[in-house]
Amino acid sequence: MQIGICMGLIIVLAFAVLMAGFGFGANDHHVEFPDDVYYMDYNVNNLPFSEKNEEIKLGFDIFRNTSLHIGPKQKDSSKVFAQNNLACASCHLNGGTKPYAAPLIGVIKRFPQFRGRENKMGTIEERINGCMERSMNGRTMPESSVEMQALITYMDWLGRAAPSNGKIEGQGFLKVEIPNRAVDLDHGQRVFENTCVECHGADGQGQLLAENDQYLYPPLWGGDSYNDGAGMTRVITAAQFIKGNMPFGTTFDNPILTDEEAYDVAGYINQKLRPTKPNREVDFPDLVKKPVSTPYGPYLDPFSEEQHQLGPFQPIMEYYQKEYLLSKSK
């Protein structure tokens, strides 16, 4: 079966929030949150002039206008690394400052970090390039490039008040209760038609901003979306993102979709065609570390690729608990 991902949903919202302007951050939706980091001023326009602050601003502009700087709309072919017209902001909402939308506050302090997909300690540069090859369906950027270093400087600035270990409340995505059944694709289609079409269109191809041909709402599948090696192709991961952020305007403390709706629509989107990531078979060299909802093999367990794509996932989780004493949640 082909894999798609509801990350498009993610993407959609992400970009829309960013395109609303430079003034984003915790004040967009005030909730009682333990971490003060969400209430700081993340508006780059408020930074005084300095060499470092200009680099921060460049990093932010690359973050939200990725295709103009390092994607298909970059006229210098030597600087074209992304092969689609998505943006970093498509997944990391509000400029990387929204809780449970993979916020980047403190992320620099969490690296080096062990990455199961590569089975080694990885740097922040390697992690960014992982996104370039998967979510952006492109190629790696030189680690010393102006663009890479500007992105890192921007992320470092976001985490200026984060604790020394970089860990904050609202990291990653909102947890959901995974139904003990396979994805219901018919139900997922109904959720998509009732909830997602207004922004992403009936064909899932999103909406462009007329003034610069960038996406207001990104495509959820097809040639200009993330490829099938992206993390959002995992149904559980996509469901978590969707539950806490979709439809547009949703916040973690006031979700609109139920866990079952998020689960089913993630599975529905995951079955759509998208670009293929070369050499996916080398991901997770130690297969015991492979997430149970990874939609492509090889696997260390006896379950089918279809079950890894659409569930039910509990039997797979139980297998790893019994055979390897590993508790898996995604």
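Residues in the sequence shown are numbered consecutively from 94, following our numbering.
From the three backbone atoms N, C-alpha and C, an ideal C-beta is built for every residue, glycine too.
Model, not experiment: these values are computed from the prediction.
Contacting residues, own chain, Cβ-Cβ under 7 Å from residue i (five flanking each side not counted)
i	result
Pro378	Asn212
Ile155	His162, Ile163, Glu240, Ala243 and Leu244
Glu353	Pro272
Met410	Val385 and Lys421
Ala195	Cys184, His185, Gly265 and Phe266
Pro391	Glu374 and Leu380
Candidates the options: closest to residue i by CA position
i	options	result
Tyr361	Thr344, Gln282 and Phe334	Gln282
Lys145	Val173, Pro192, Arg227 and Asp249	Asp249
Pro235	Ile221, Thr246, Tyr247 and Ser228	Ile221
Ser257	Val200, Gly322 and Gln364	Val200
Gln364	Val375, Met325, Thr344 and Asp394	Met325
Gln264	Gln333, Met339 and Leu151	Gln333
Ser237	Ala254, Glu218 and Arg227	Glu218
Pro371	Phe396, Arg232 and Ile261	Arg232
Val290	Gln307, Leu278, Pro311 and Asp306	Pro311
Asp296	Ser318, Ala303 and Ser228	Ser318
Val269	Gly215, Tyr193 and Leu301	Tyr193
Pro205	Thr216, Arg253 and Leu197	Thr216
Tyr132	Leu140, Cys224 and Ala255	Ala255
Gly322	Tyr412, Pro395, Phe345 and Val375	Val375
Pro340	Cys292, Asn320, Asp346 and Arg227	Cys292
Arg203	Asp134, Arg253 and Ser171	Arg253
Val276	Glu399, Leu301 and Pro391	Glu399
Gly342	Leu197, Thr288, Tyr392 and Pro395	Thr288
Own chain residues within Cβ distance below 8 Å of residue i, not counting five before or after
i	result
Ser386	Arg327, Val328, Ile329, Thr330, His401, Gln402, Gly404, Phe406 and Lys423
Ser165	The displayed chain sequence assigns Pro, not Ser, to residue 165. Result list for Pro165: Val173, Ala175, Gln176, Asn177 and Asn178, in chain order.
Pro127	Any reading at Pro127 must be qualified, since the residue scores a pLDDT of 49, below 50, and its modelled position is unreliable; no value is offered.
Tyr417	Val381
Leu278	Asp357, Gly360, Tyr361, Gln364 and Leu403
Cys181	Ile155, Phe156, Arg157, Thr159, Gly189, Cys224 and Leu244
Phe207	Lys213, Met214 and Gly215
Leu140	Asn146, Ile149 and Lys150
Ser171	none
Leu197	His185, Gly189, Thr190, Met248, Leu251 and Gly252
Residues near residue i in its chain [Cβ-Cβ closer than 6 Å; skip 5 each side]
i	result
Ser160	Lys166 and Asn178
Pro348	Lys336
Phe285	Val358 and Tyr361
Pro408	none
Leu151	Ala243
Tyr413	Leu419 and Lys421
Tyr389	Arg373
His280	Asp357
Leu393	Leu380 and Val381
Arg274	Pro405
Residues sharing a beta bridge with residue i, DSSP
i	result
Ala194	Phe266
Leu301	Tyr308
Cβ-Cβ separation, residue j to residue i (assumed contact under 8 Å), whole Å
i	j	result
Val130	Ile149	Not really, about 16 Å apart at Cβ, beyond 8 Å.
Thr190	Leu251	7 Å
Phe153	Tyr247	5 Å
Asn158	Pro368	Not really, about 21 Å apart at Cβ, beyond 8 Å.
Gly209	Lys382	4 Å
Tyr308	Gly299	5 Å
Arg227	Asn320	6 Å
Short CB-CB distance (under 7 Å) between residue i and chain D
i	result
Gln333	In the structure shown, chain D cannot be found, because there is only a single protein chain.
*Continuous alpha helix (DSSP H) assignments of at least 4 residues falling wholly in the segment 200-231*: 217-226
*Fully enclosed by the segment 325-401, which alpha helix (DSSP H) runs are 4 residues long or longer?*
328-338 and 352-363
*Every unbroken alpha helix (DSSP H) within the segment 165-191, with a cutoff of 4 residues, ordered by chain*: 186-189
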